[in-house]
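Written below as structure tokens is the structure these notes are about.
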Amino acid sequence: MSDLLALTAAQLGERIRAGDVSAAEAWTAYRERAAGDELNAFLWVAGEAPPETDGGPLGGVPFAAKDLFCVRGVPSQAGSRILEDYRPPYTSTAVERIVGAGAPLLGKTNQDEFAMGSSNENSAFGPVLNPWDRTRVPGGSSGGSAAAVAAGLVPWAIGTDTGGSIRQPAALSGIVGLKPTYGAVSRYGMIAFASSLDQAGPLTRDVTDAALLFGAMTGRDPCDSTSLEHPEQIQLPTAQDLNGIRLGVPDDVETAEGIEAGVLEAFRETLRQAEALGAEVETCSLPHARHGIAAYYVIAPAEASSNLARFDGVRYGLRVDGEQGLTAMYEKTRRQGFGEEVRRRIMLGTYALSAGYYDAYYGRAQRVRTKIADDFRAAFERFDFVVTPTSPGVAFPLGAKTDDPLSMYLNDFFTVPMPLAGIPAISIPNGLSEGLPTGFQIAGPAFSENRILDAAFALETAIGFDGSAVRA
Amino acid sequence: MIDRAEVLHVARLARLELSGEEVDRMAGELSAVLGHIEKISELDLEGVAPTSHVVEVANALRPDEPRRCLPRDEVLAAAPAVAAEGFEVPSPGA
Amino acid sequence: MTYEPVIGLEIHVQLRTRTKMFCGCELSFGDPPNTHTCPVCLGLPGSLPVANERAIHFGLKIGLALGCDLAPRSIFHRKNYFYPDLPKGYQISQYDEPLCRGGHLGDVRIHRVHLEEDAAKLVHVGESGRIHGSDSSVVDFNRGGTPLVEIVSEPDLRSPEQAREWLVVLRETLRQLEVSDVNMEEGSLRCDANVSVRPEGTTELGTKTELKNMNSFRFVERGIRAEIERQVALLEGGESVVQETLHFDPQSGTLTPLRSKEEAHDYRYFPEPDLVPVAVTPEMTEAARAELPELPAARAERYEADLALSADSAHALAFRPELGRYFEAVLADADGAPAQTVANWVTGELAPRVGDADPAESRVEPGALARLVAMVGERTVTAGAARQVLDRLVAEGGDPAAIVEAEGLGALGGGDELAEIVRAAVEANPDAAEKVRSGKGQAIGPIIGHVMRETRGAAEAGEVTRLVREQLGA
Ligand SMILES: [Mg+2]
Ligand SMILES: [Zn+2]
Chain A
1 MSDLLALTAA
11 QLGERIRAGD
21 VSAAEAWTAY
31 RERAAGDELN
41 AFLWVAGEAP
51 PETDGGPLGG
61 VPFAAKDLFC
71 VRGVPSQAGS
81 RILEDYRPPY
91 TSTAVERIVG
101 AGAPLLGKTN
111 QDEFAMGSSN
121 ENSAFGPVLN
131 PWDRTRVPGG
141 SSGGSAAAVA
151 AGLVPWAIGT
161 DTGGSIRQPA
171 ALSGIVGLKP
181 TYGAVSRYGM
191 IAFASSLDQA
201 GPLTRDVTDA
211 ALLFGAMTGR
221 DPCDSTSLEH
231 PEQIQLPTAQ
241 DLNGIRLGVP
251 DDVETAEGIE
261 AGVLEAFRET
271 LRQAEALGAE
281 VETCSLPHAR
291 HGIAAYYVIA
301 PAEASSNLAR
311 FDGVRYGLRV
321 DGEQGLTAMY
331 EKTRRQGFGE
341 EVRRRIMLGT
351 YALSAGYYDA
361 YYGRAQRVRT
371 KIADDFRAAF
381 ERFDFVVTPT
391 SPGVAFPLGA
401 KTDDPLSMYL
411 NDFFTVPMPL
421 AGIPAISIPN
431 GLSEGLPTGF
441 QIAGPAFSEN
451 RILDAAFALE
461 TAIGFDGSAV
471 RA
Chain B
1001 MIDRAEVLHV
1011 ARLARLELSG
1021 EEVDRMAGEL
1031 SAVLGHIEKI
1041 SELDLEGVAP
1051 TSHVVEVANA
1061 LRPDEPRRCL
1071 PRDEVLAAAP
1081 AVAAEGFEVP
1091 SPGA
Chain C
2001 MTYEPVIGLE
2011 IHVQLRTRTK
2021 MFCGCELSFG
2031 DPPNTHTCPV
2041 CLGLPGSLPV
2051 ANERAIHFGL
2061 KIGLALGCDL
2071 APRSIFHRKN
2081 YFYPDLPKGY
2091 QISQYDEPLC
2101 RGGHLGDVRI
2111 HRVHLEEDAA
2121 KLVHVGESGR
2131 IHGSDSSVVD
2141 FNRGGTPLVE
2151 IVSEPDLRSP
2161 EQAREWLVVL
2171 RETLRQLEVS
2181 DVNMEEGSLR
2191 CDANVSVRPE
2201 GTTELGTKTE
2211 LKNMNSFRFV
2221 ERGIRAEIER
2231 QVALLEGGES
2241 VVQETLHFDP
2251 QSGTLTPLRS
2261 KEEAHDYRYF
2271 PEPDLVPVAV
2281 TPEMTEAARA
2291 ELPELPAARA
2301 ERYEADLALS
2311 ADSAHALAFR
2321 PELGRYFEAV
2331 LADADGAPAQ
2341 TVANWVTGEL
2351 APRVGDADPA
2361 ESRVEPGALA
2371 RLVAMVGERT
2381 VTAGAARQVL
2391 DRLVAEGGDP
2401 AAIVEAEGLG
2411 ALGGGDELAE
2421 IVRAAVEANP
2431 DAAEKVRSGK
2441 GQAIGPIIGH
2451 VMRETRGAAE
2461 AGEVTRLVRE
2471 QLGA
């Protein structure tokens, strides 16, 4: 087992193809790990019988999916009480493609309810613990997927990113997380948080695994009007240097609210390594990026307030009847089915869309969104990538920010602008601060995933981050 | 910034039951967040077009061809309440 | 003071596509409940809408037929409110960027035409099995997601009758476009009305109310009339009209305020992020235009231009296409008869006799009417007698010549037969005869009347007059 555990997903796939390891062995080994989960990372684990897999491009390497991915006959609850034990009659396109490429589904992972959160403390099924320090959060909202991959409970996993929900937990858990270009992966069967921002992507041990898994997920889906065919075949990264690559560092990184010294130190060190690899590093300005949080916390809750209206106790999920008819049934069901943060955001979004406030909030936020996208477009004329720390801080203690929604929201400062602009970004581990992982974010123009993965690969090799300690 | 009455109105629109003390707490929390959001009102966005789609594609249409429907038993099995081969609900206005 | 009604109509048309607006479920009529559903039209978590190509095509056909401007780019919005027949908690509709704007049908302007999805069916079932003492309903999602086109007119209608007539023309236009079954009773054509009144001669609009549930042409007329009377009564009583939605009850003919779906009436419209814009291409426009049949307005023009029909006849025939079709059939058989004469017989004589029915369904063969018109032209039968023949044709069909024969309705030419009858008539009316002799021409009436009675109208009035004068040396 231990040597199995030491393998990345790509390496395990190779072994299975080579016949050194059978897909069934790999399944059984990881299924035991997942079943023995002590981090509350899994909400559902598949049965012992290894599923039929013919190898395929993903070589029979098991994967885990965030709870919000619908899987036929399997609990798909989006971390919410209102969907407790809900088993959909259909499977999401992303999961279907990965399974179709030969990776069996090992389990469903814990998450913040409806992906609303940055700490995984908003799950109706309890918080997820960070394998680096079990008194701390793994980040969110894809915290279960991040913790499970970091702790070696599964070779790799998928999550969703709306304002940082793949990249931030990846950073806080010491793994790799890729948020693809909006539209690159079908959203069909992904229980929606904010439709114009949600994007599925891989959480993996290294950049090569991320490329492999993303390659299997991407592609136009006739069931998702907003999905697009990726203009490029996704390649496994090979770059050994960053010669001729121009990196732009936003001028407000050093002064960002709540940025920790250790995080800044790791970031600067990575920039030095980038230069050593041949990259040019300069400051760039994204004048509107600092308004990303404000725009995001109008647009995402507004769309969520509408996306979550379907949870009404009529067709599926929880229903709480009142004695006074329909309205009471709606109000009790939603009051008891949704957690506090979800109710807060539904209120915020409903308010932002309501008569008299639309222009001041939703209308303005969408214009800010335009400006942020323009800022990036301008930056990418001078730079290949924009780089930042993924999160201003390392994993924080459980409960540290639960009483202050705003400070929790500010955690997304570096990750929110990219989904607003629809562009791809990756987070890779770039060291430890106070013994906890930090993340380095690389963002590029739409559909530049191949180049982002290559740059990340070159840096990853130079950084040589070792996460094996927490997989024991 | 957002008062009790507005919170109650919005809660009604959103079909969320709120207890008395929740109304006050919600008013406080929303006001704090809105206070931060207010910053965008200082920006000059004159003549800036709103973005509702980051990808500029159009006409992602579907041919008018039937696809298989779900078996009714499977559909109704997920329903909290079933009557007369359908989804039972308290009558509106009842 | 007299009041002028101001009426605008809002029509919802169920499109006759194969599948629903945003999913592949086949449209169904009268199938068992909830047998035509999928994750999309049930609003299951994670499902996404994809717009139906043909629904948009039908929307464009309607837009072109009504002379609208087709928007080069239109988008869908979400209309948010809670109701059990609305699975997602919002209806996907169009808001400030609809598919079509402007246009007109006849002299009534069109405000807009847009696409949306229909709601599901909510059936009341009374006492609930589960919660004691509470009333319950059941939702059937078969209809949910059916493609709808909403047509909104400008407030250009001025009377309940006009509203009804215009709606008939619109229905006919939609039927000919083959985009819908346009059946009001079955709900594939639904009409709401916005009604207000204002003092005759003023231009400012009064407070309007919205009328719903008028599910037949008769009810549309009756409902609007009732509402106009109600509003006028209010104003004359010194009260004012309140803006509200009213439900028309055909039985009692009364209007009752409708409990609103969302008390607060705040739909929180915003652009539907799950759908991309519809950008109408020249190919799409051409494909729609290619399928447009000859519509009433165009047909009327053709009748006036090519057949030199009067505007009234042309309109009467074009806007009741079954009359138009029948007219063209008769004209084809009536070799040489002037089109206007044939039109007069079809619209003025046949139409009143068959009522709303399609004359093609009647017993009168177009060929038969053509021969009858020809006989009148040849003066072998008088117009009056021909009307009697037409009565018989409508009643039992057959051949006009045979009927004339059997009934002896043939026009009596000059000849002795008529001269005899005239002589008898002159003798029967001595003093009238005297007056005519003494030059009082207009006194001839009673004598001619006598002849007509004797001949049961089969005599040519002109010929009779000539004979009377001849015999009286006048
Ligand atoms: Mg409508
Ligand atoms: Zn469907």
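Residue numbers (the numbering used here), protein chains in the order written: chain A, 1 to 472; chain B, 1001 to 1094; chain C, 2001 to 2474. Where is the CB? At the ideal position from N, CA and C, for every residue including glycine. No experiment lies behind these values; they were computed from the predicted model shown.
- No Cβ-Cβ contact shorter than 8 Å links C:A2318 with C:R2289.
- Of all residues in the stretch 80-110 of chain A, the ones placed with a Cβ closer than 9 Å to any Cβ belonging to chain B are Y86, R87, P88, P89, Y90, in chain order.
- Taking the Cα positions, B:D1044 is about 44 Å away from A:Q240.
- In this structure, A:D412 and A:I299 do not form a Cβ contact; the two beta carbons are roughly 13 Å apart against a cut-off of 8 Å.
- Excluding five sequence positions before and after B:D1024, the CB atoms of its chain that fall closer than 8 Å to its own CB belong to R1004, given in chain order.
- Within the stretch 243-298 of chain A, complete alpha helix (DSSP H) segments of at least 4 residues are found at 261-276, given in chain order.
- Think of a sphere of 7 Å around the beta carbon of C:L2323: no beta carbon from chain A falls inside it, the nearest being about 46 Å out.
- A:T390 is the residue among A:M190, A:P287, A:T390, A:E84 whose C-alpha sits nearest the C-alpha of A:P169.
- Per the C-alpha coordinates, the member of C:A2386, C:V2197, C:K2440, C:H2124 positioned closest to C:G2457 is C:A2386.
- Beta bridge pairing from DSSP links A:V185 with A:T218.
- At a cut-off of 8 Å between beta carbons, B:D1064 contacts chain C.
- Ranked by how close their Cα comes to the Cα of A:D454, the residues A:L436, A:T238, A:G439, A:F380 have A:T238 in first place.
- Using a cutoff of 7 Å, the CB of C:H2012 counts as near ligand 1, since one of the ligand's heavy atoms is closer than that.
- Taking the Cα of A:T327 as reference, the smallest distance to any Cα among B:M1001, B:E1006, B:A1011 is reached at B:A1011.
- A direct Cα-to-Cα measurement between A:A472 and A:V394 gives close to 22 Å.
- Remark: the C-beta of A:C223 is outside contact range of ligand 2, defined as less than 7 Å to any heavy atom.
- Within the stretch 2239-2271 of chain C, the complete beta strand (DSSP E) runs of at least 3 residues fall at 2245-2249, 2254-2257.
- Chain-ordered listing is empty here: chain B has no CB closer than 8 Å to the CB of C:C2100, the nearest sitting near 16 Å.
- Just measuring C-alpha positions, the residue of A:Q441, A:P419, A:L410, A:P437 sitting nearest B:T1051 is A:P419.
- Of all residues in the stretch 2086-2112 of chain C, none is placed with a Cβ closer than 7 Å to any Cβ belonging to chain B.
- For the stretch 286-308 of chain A, the residues whose beta carbon sits under 7 Å from a beta carbon of chain C are, in order, A302, E303, S306.
- Relative to ligand 2, the nearest heavy atom lies less than 7 Å away from the CB of C:G2145.
- In chain order, V298, P301, A302, Y361, Y362 place their CB closer than 7 Å to the CB of A:A352, counting only its own chain and leaving out the 5 sequence neighbours on each side.
- Sequence-distant partners of A:R290 (beyond 5 residues in either direction) whose C-beta falls short of 7 Å from its own C-beta, in its chain, are D252.
- Excluding its 5 nearest sequence neighbours in each direction, C:E2365 has no C-beta neighbour in its own chain below 6 Å.
- The C-beta of C:N2183 has fewer than 16 other C-beta atoms within 10 Å across all chains shown, which makes the residue exposed.
- Under the criterion of beta carbons closer than 8 Å, A:F214 and A:E449 qualify as touching, at roughly 7 Å.
- Taking a Cβ-Cβ cut-off of 7 Å, C:N2142 has no neighbours in chain A, whose nearest Cβ is about 14 Å from it.
- Put simply, the CB of B:M1001 is far from chain A, with every gap to its CB atoms at 8 Å or more.
- Per DSSP, the unbroken alpha helix (DSSP H) holding C:Q2471 starts and ends at 2461-2472.
- Between A:Y188 and C:G2046, the C-beta spacing is below 8 Å.
- Interface flag for A:I346 against chain B is set, since a Cβ pair is found closer than 8 Å.
- Taking 7 Å as the cut-off, one finds no heavy atom of ligand 2 near enough to the beta carbon of A:C70.
- Residue environment analysis places B:S1019 among the exposed positions, since fewer than 16 neighbouring C-beta atoms fall within 10 angstroms of its C-beta.
- For A:K108, the uninterrupted beta strand (DSSP E) run begins and ends at 105-109, by DSSP.
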